[in-house]
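S.K.: What the sequence shown shows, in the numbering used here, is residues 318 to 405, in sequence order.
Even for Gly, the Cβ is constructed at its ideal location relative to N, Cα and C.
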Amino acid sequence: MTELDRIRDQPRILTGLGDAAYLDDALTASGSAAQRRTVTVVFRTSNVIVTVEYTEQPTGPNAAAPDSQELQEKTQALAAKLAELFGE
318 MTELDRIRDQ PRILTGLGDA AYLDDALTAS GSAAQRRTVT VVFRTSNVIV
368 TVEYTEQPTG PNAAAPDSQE LQEKTQALAA KLAELFGE
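1) For Pro383, which option in Ala346, Gly404, Ile330 has the closest C-alpha, if you only look at C-alpha atoms?
2) Leaving out the 5 sequence neighbours to the left and right, which residues in its chain are closer than 7 Å to Pro328 when beta-carbon positions are compared?
3) Quick one, are the C-beta atoms of Thr355 and Val369 less than 9 Å apart?
4) Quick one: Cα of Glu401 to Cα of Asn379, how far?
5) I need the straight-line Cα distance from Gly335 to Lys391, nearest angstrom please.
6) Given this structure, state the Cα-to-Cα distance separating Thr372 from Ala381, to the nearest angstrom.
7) My output table needs one value for Ala351: the three-state DSSP class, helix, strand or coil.
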């Protein structure tokens, strides 16, 4: 594993979501040639820790890997809605 791979594997800090928040994006092999992408957002607000995980896998054998940006946006949007509910 190269240094760049290690950096990519590290969760990144998100701002503007709860008191502290992190995002992790992992692309893993699933089966013969398909790749599965899992995006996880973990945030803390007050005394609550919330984990939102979104996983997508292509349906066809020659399908492209799931789009990272799209899945990150979906996961962060859901996490933001949950954070708003806890803030009320």
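M.R.: On the basis of the supplied data:
1) In the sequence shown, residue 383 corresponds to position 66, counting from 1. Nearest option by C-alpha distance: Ala346.
2) Here the question's residue 328 lines up with position 11 in the sequence shown. Hits under 7 Å: Tyr339, Leu340, Asp341.
3) Against the sequence shown, residue 355 aligns to sequence position 38. Against the sequence shown, residue 369 aligns to sequence position 52. If you check the CB distance, Thr355 and Val369 do not come in under 9 Å.
4) Walking along the sequence shown from the start, residue 401 turns up at place 84. Walking along the sequence shown from the start, residue 379 turns up at place 62. Rounded to the nearest angstrom, the two C-alpha atoms are 39 Å apart.
5) Within the sequence shown, residue 335 is the residue found at index 18, counting from 1. Within the sequence shown, residue 391 is the residue found at index 74, counting from 1. If I take the Cα positions, the gap works out to 17 Å.
6) Position 55 of the sequence shown, counted from the first residue, corresponds to residue 372. Position 64 of the sequence shown, counted from the first residue, corresponds to residue 381. Each residue's alpha carbon lies about 15 Å from the other.
7) In the sequence shown, the residue the question calls residue 351 occupies position 34. For Ala351, the three-state secondary structure derived from DSSP is coil.
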